[in-house]
Amino acid sequence: MSAVTVRVPAKVNVQLSVGGRRPDGFHDLATVFLAVGLYDHVTAAPADGLRITAAGRDVARVPLDATNLAARAAVALAKRYGVEPDVHLHIDKDIPVAGGMAGGSADAAGALVACDALWGLGAPREELLALCAELGSDVPFSLVGGAALGTGRGEILTPLEVGGEFRWVFAVAEGGLSTPDVYRECDRLRRAGGGSDLAADLAAPGADPALVAALREGSAPALSAALSNDLQAASVSLRPALAGTLAAGLAAGALAALVSGSGPTCAFLAPSEAAATALAAAFPAGAYPALSPAPGATLL
Ligand SMILES: C[C@@](CO)(OP(=O)(O)O)[C@H](O)COP(=O)(O)OP(=O)(O)OC[C@H]1O[C@@H](n2ccc(N)nc2=O)[C@H](O)[C@@H]1O
Ligand SMILES: Nc1ncnc2c1ncn2[C@@H]1O[C@H](COP(=O)(O)OP(=O)(O)O)[C@@H](O)[C@H]1O
1 MSAVTVRVPA
11 KVNVQLSVGG
21 RRPDGFHDLA
31 TVFLAVGLYD
41 HVTAAPADGL
51 RITAAGRDVA
61 RVPLDATNLA
71 ARAAVALAKR
81 YGVEPDVHLH
91 IDKDIPVAGG
101 MAGGSADAAG
111 ALVACDALWG
121 LGAPREELLA
131 LCAELGSDVP
141 FSLVGGAALG
151 TGRGEILTPL
161 EVGGEFRWVF
171 AVAEGGLSTP
181 DVYRECDRLR
191 RAGGGSDLAA
201 DLAAPGADPA
211 LVAALREGSA
221 PALSAALSND
231 LQAASVSLRP
241 ALAGTLAAGL
251 AAGALAALVS
261 GSGPTCAFLA
271 PSEAAATALA
281 AAFPAGAYPA
291 LSPAPGATLL
């Protein structure tokens, strides 16, 4: 078979409620993922052995060895089906690296779908979803896209209805933030505030009904009132300049502002296309308009 290309979306967590740290080191979550129209493309071509190349934004920060999440996905799929991981994976990156937008997860989901097609495996959807969950907490959502509630460590998905389009502007920061570092900082802030950071002491978080209704109604004002991110204080604590970025977006006309996932990308909800253009212009260092919801991993 000749080369196949899969398009995969970035995400923003419109709700990110973080429960306590579990004995396995992960945190219980209730998160509402929304896929946004900012995409990486993963192309799988026949090769002898496994080879990774990448092009596009931030490409110098993408590992090109076996630690690349797309490579790990190809190896996991090959092992599951008893085939050799013979593939050249080329990643065209548009999703910011280590930006809290699940770029690596998107590439892993894209690689699974692309290799499945290239190798003619016909893997059932449930099998691909199980492999996604092994690769990372965010990877199942990258496969399905749209909007979904994520529970457990984020890998257990319940699809959510979205009744309209939402317009976002994403302000990209210089350099990334490490997801484990941000969770650790969240724990530290909880303990410093006199509380516990342990799952045994904290109630498991749940979906916010007002936010779920706002998505269903397609109402940007209602969604902007309900946005929440429990990791935001930790991201801002590690990168204090983000407070200024969030304030600048609000001053430039955003309905609401929040850190995307673990950051440091900041997400702004815009009331109109014209407002999104004006907002993006307020961040000359790099801001990207995108619409949501967006479909999950799609074979082109
Ligand atoms: C914070 C979120 C929000 O969607 O994404 P990003 O903003 O980084 O994209 C996710 O929880 C990131 O998911 P993902 O990037 O897939 O993380 P994983 O590879 O599963 O885990 C990396 C590390 O993050 C921490 N982690 C992750 C998920 C979770 N529920 N609790 C955690 O404590 C753990 O330290 C874990 O070792
Ligand atoms: N395909 C990939 N694209 C981007 N980063 C990757 C990839 N594979 C592994 N990584 C590593 O994962 C880290 C987190 O990247 P990413 O998934 O973009 O961020 P986030 O977890 O904030 O959404 C990067 O710093 C990089 O070292």
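Take full-length UniProt numbering: the last position of the sequence shown gets the number 300, and nothing is skipped along the way.
Using N, Cα and C, we set each Cβ at its ideal position, and we do this for glycine too.
Practice prompt. Check the DSSP bridge columns for residue 145 and list the partner residues they point to.
Written response: Indexing the sequence shown from 1 puts residue 145 at position 145. Looking at the DSSP assignment, residue 145 forms a beta bridge with 295.
Worksheet item: Secondary structure at residue 241, three-state DSSP: helix, strand or coil?
Response: Here residue 241 corresponds to residue number 241 of the sequence shown, with the count starting at 1. Correct three-state label for residue 241: helix.
Worksheet item: Quick one: what does DSSP say residue 59 is sitting in, helix, strand or coil?
Response: As a first step, residue 59 must be located in the sequence shown, where it is residue number 59. Reduced to three states, the DSSP call for residue 59 is helix.
Worksheet entry | Own chain residues within Cβ distance below 6 Å of residue 140, not counting five before or after | For the purposes of this step, residue 140 is identified with residue 140 of the sequence shown, where counting begins at 1. These residues qualify, in order along the chain: 129, 132, 133, 155 and 157.
Discussion item. Please determine whether the Cβ atom of residue 96 lies at a distance below 8 Å from any heavy atom of ligand 2.
Written reply: In the sequence shown, counting from the first residue as 1, residue 96 sits at position 96. Correct: residue 96 has its Cβ closer than 8 Å to ligand 2.
Worksheet item: Just to confirm, does residue 180 get its C-beta within under 8 Å of one of the non-hydrogen atoms of ligand 1?
Response: For the purposes of this step, residue 180 is taken as the residue at position 180 of the sequence shown. Checking every heavy atom of ligand 1 against the Cβ of residue 180, one is found closer than 8 Å.
Worksheet item: When every heavy atom of ligand 1 is checked, does at least one fall within less than 8 Å of the C-beta of residue 139?
Response: Translated into the one-based positions of the sequence shown, residue 139 becomes position 139. The answer is yes for residue 139.
Practice prompt. Just mark residue 200 as buried or exposed, buried being the case when its beta carbon has 16 or more other beta carbons within 10 Å.
Written response: As a first step, residue 200 is located in the sequence shown; it is residue number 200 there, counting from the start. By the 10 Å Cβ count, residue 200 comes out exposed.
Worksheet item: Which residue or residues does DSSP assign as beta-bridge partners of residue 183?
Response: The sequence position of residue 183 within the sequence shown is 183, counting from 1. Beta-bridge pairing links residue 183 to no other residue.
Fill in: Contact belief for residue 177 with residue 264 at Cβ below 8 Å, rounded distance in angstroms
Taking the sequence shown and counting its residues from 1, the one referred to as residue 177 is at position 177. Taking the sequence shown and counting its residues from 1, the one referred to as residue 264 is at position 264. So it is a contact: roughly 5 Å between Cβ atoms.
Worksheet item: Which ranges does the beta strand (DSSP E) cover as unbroken runs of at least 3 residues, wholly within the UniProt domain "GHMP kinase C-terminal" (212 to 285), from first to last along the chain?
Response: 256 to 259 and 266 to 270
Item to complete: Could you have a look at residue 42 and say whether DSSP puts it in helix, strand or coil?
Response: Within the sequence shown, numbered from 1, the residue matching residue 42 stands at position 42. Strand.
Worksheet item: If you check the beta carbons only, do residue 38 and residue 297 fall under 9 Å apart?
Response: Working through the sequence shown from its first residue, we reach residue 38 at position 38. Working through the sequence shown from its first residue, we reach residue 297 at position 297. Not closer than 9 Å, so no.
Fill in: Residues near residue 172 by beta carbon distance below 6 Å, same chain, minus five either side
Counting from one through the sequence shown, the residue named residue 172 turns up at place 172. Once the five neighbours on either side are set aside, the close Cβ partners of residue 172 are 96, 265 and 286.
Practice prompt. Taking only the alpha-carbon atoms, compute the straight-line gap between residue 29 and residue 118 and give it to the nearest angstrom.
Written response: The count along the sequence shown starts at 1 and reaches residue 29 at position 29. The count along the sequence shown starts at 1 and reaches residue 118 at position 118. Answer to the nearest angstrom: the Cα atoms are 35 Å apart.
Worksheet item: Any heavy atom of ligand 2 within a distance shorter than 8 Å of the CB on residue 63?
Response: Along the sequence shown, one-based indexing puts residue 63 at 63. Flag set: Cβ of residue 63 near ligand 2.
Discussion item. Using a Cβ-Cβ cutoff of less than 7 Å, which residues in the same chain neighbour residue 56 once the five nearest sequence positions on both sides are dropped?
Written reply: Residue mapping note: residue 56 aligns to position 56 of the sequence shown, counting from 1. The residues are 92, 93 and 94.
Discussion item. At a cut-off of 8 Å, would you count residue 27 as near ligand 1, judging by its Cβ distance to the nearest heavy atom?
Written reply: For the purposes of this step, residue 27 is taken as residue 27 along the sequence shown, with counting starting at 1. Yes, the Cβ of residue 27 comes within 8 Å of a heavy atom of ligand 1.
Worksheet item: Hey, residue 35 and residue 292 are a contact pair by Cβ (cut 8 Å); roughly how many whole angstroms apart?
Response: Here residue 35 refers to the residue found at position 35 of the sequence shown. Here residue 292 refers to the residue found at position 292 of the sequence shown. That pair is a contact at about 6 Å.
Fill in: For residue 160 and residue 16, the rounded distance between their alpha carbons
Here residue 16 is taken as the residue at index 16 of the sequence shown, counted from 1. Here residue 160 is taken as the residue at index 160 of the sequence shown, counted from 1. So the alpha carbons of these two residues sit roughly 15 Å apart.
Discussion item. Quick check: is any heavy atom of ligand 4 less than 8 Å from the C-beta of residue 67?
Written reply: Among the ligands present in this structure, namely ligand 1 and ligand 2, ligand 4 is not found.
Discussion item. I want to check one thing, is the minimum distance from the CB of residue 80 to the heavy atoms of ligand 1 below 8 Å?
Written reply: To locate residue 80, count along the sequence shown from 1; it is residue 80. Residue 80: no, Cβ never under 8 Å from ligand 1.
Worksheet item: Among all the DSSP beta bridges, which residues are the ones paired with residue 87?
Response: The residue labelled residue 87 in the question sits at position 87 within the sequence shown. In the DSSP output, where bridge partners are listed per residue, residue 87 has 50.
Worksheet item: Are there three or more Cβ pairs, one per stretch, closer than 8 Å when the segment 79 to 88 is compared with the segment 246 to 256?
Response: no
Fill in: Strand pairing of residue 81, partner residues [DSSP]
Taking the sequence shown and counting its residues from 1, the one referred to as residue 81 is at position 81. Looking at the DSSP assignment, residue 81 forms no beta bridge with any residue, so it has no partner.
Fill in: Run of the alpha helix (DSSP H) containing residue 125, from where it starts to where it stops
Sequence index remark: in the sequence shown, residue 125 carries index 125 (1-based). Segment 125 to 135, the alpha helix (DSSP H) holding residue 125.
Discussion item. So residue 116 and residue 108 are supposed to be a Cβ contact under 8 Å. How far apart are they, rounded?
Written reply: For the purposes of this step, residue 116 is taken as residue 116 along the sequence shown, with counting starting at 1. For the purposes of this step, residue 108 is taken as residue 108 along the sequence shown, with counting starting at 1. Between residue 108 and residue 116 the Cβ distance is about 13 Å, and since that is not below 8 Å, they are no contact.
Practice prompt. Please say whether residue 198 and residue 211 have beta carbons closer to each other than 9 Å?
Written response: In the sequence shown, residue 211 corresponds to position 211, counting from 1. In the sequence shown, residue 198 corresponds to position 198, counting from 1. Contact: no.
Worksheet item: Using a Cβ-Cβ cut-off of 6 Å (strictly less than) and excluding sequence neighbours within five positions of residue 5, which residues of its own chain qualify?
Response: For this step, residue 5 is matched to residue 5 along the sequence shown. Here the set comprises 41, 43 and 300.
Discussion item. Nearer than 8 Å: is that true of the beta carbon of residue 100 relative to any heavy atom of ligand 1?
Written reply: Sequence index remark: in the sequence shown, residue 100 carries index 100 (1-based). Checking every heavy atom of ligand 1 against the Cβ of residue 100, one is found closer than 8 Å.
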